[in-house]
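So the structure is just underneath, and the comments pick up after that.
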Amino acid sequence: MKKIGIAVTDPEDWTASALINAAKAKGFSPYALDLRTAVVDMKTTSSESTVHFRAGDLSLSDLDAVIVRDVGAGAFEGVSFRFDILRELEAGGIPIINSPEAIQNAANKYHASYLMSKALLPAPDTIAVQDLEAALRAVSRFGDSVIKPVFGYKGKNIARIKNGEVLFSDRKSTSVSLEAALENLLTERGMLYIQEFIENPGRDIRAFVVGGVAIGAIYRKAASGSWVNNLSQGGSADRCVLTDEQKELAEKASLAIGTTFAGVDIIEGYVKESSPKILEVNGTPSGKGIYDAWGINPAEHIVEYINNIL
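Residue numbers for the sequence shown, in our numbering: -2 to 307.
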């Protein structure tokens, strides 16, 4: 029986549980593994080198594939070490889904924007800056803009600049001046990732792509009084039937980032005739929203993909 590792830090996570159940149903032997417990033992002599990768009692080299749901947050060196392990297992011939490179491409919003721009995929106009003067010019150019953490998640710590007022996605608006707010963000982050705000009907689209095919989508609707559509920020999910254009866009975005499975966020724009644009690509997405809305279980599609390549 082939062994599949499910990299996860929260054993109660819906998506991790769905992956484990889907693997069992397909005849695999799944193992939940927490990469934060991983140990690498290296011994080298003049004639040979041995490297043992372990997480608890599990020898990672014995796995036939690994599905990455979560590597765990933490200090830079610890996170980097976990990605190094995944890269080394991948180099040893074990399929890692998603690959470490794809996860890092998606997680870095600036680099993801670059990759999608090179692939000629439509997205909000974006400016990356490292000083206050350039930030003020960008905000002035856009008029209504958003500043996202490059490595942010769940809609946290996003600032919207509208009419000179600074609004944060997960806290009350502040009386701090625009210049002071930008300076504080620059001090905290070292650079700013600034995008034009796309007027929209209070929702965006989360399309789920597996193996290059969009298997379904949901609308994510902002909570009353909010401008952020993330479900983790109080948004709600509803069924979405993708247009051919939206479906193609989601599939191309996943390809550009290099993901085997992805949650691709698309904004429609308020004007009906406006073209859809990609907001971002999530390389470790939750499947619960689309399951609740449609009964579509992305985990089954991911495990089927792995079954076909092993």
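Beta carbons are placed, not taken as given, at the ideal position from N, Cα and C, and that holds for glycine.
- By the criterion of a C-beta distance shorter than 6 Å, D141 is surrounded in its chain by K159 and F194, once the five residues flanking it on both sides are discounted.
- Taking 8 Å as the cut-off, the Cβ atoms of A214 and R200 do not count as close.
- Checking the DSSP bridge columns, you'll see T41 partnered with S46.
- The closest CA to that of Q127, considering only I91, Y107, L183 and V163, is found on L183.
- Considering only P8, T47, A13 and D7, the residue with the shortest C-alpha distance to V300 is A13.
- Going by beta carbons, T257 and V278 fall outside the 8 Å limit.
- A Cβ-Cβ contact shorter than 8 Å links G69 with R79.
- In the structure shown, V68 falls within a coil segment according to DSSP collapsed to helix, strand and coil.
- Counting along the chain, T256 sits inside no beta strand (DSSP E), nor does DSSP assign it H or E at all.
- Between F148 and the set G286, F73 and I94, the nearest pair of CA atoms involves F73.
- Taking C-beta atoms as the reference points, S272 and P119 count as a pair closer than 8 Å.
- The beta carbon of S26 sits closer than 6 Å to those of M(-2) and K0, all from its chain and outside the five residues before and after it, given in chain order.
- Between the C-alpha atoms of W11 and S77 there is a straight-line separation of about 25 Å.
- Look at A296 here: in three-state DSSP terms it is helix.
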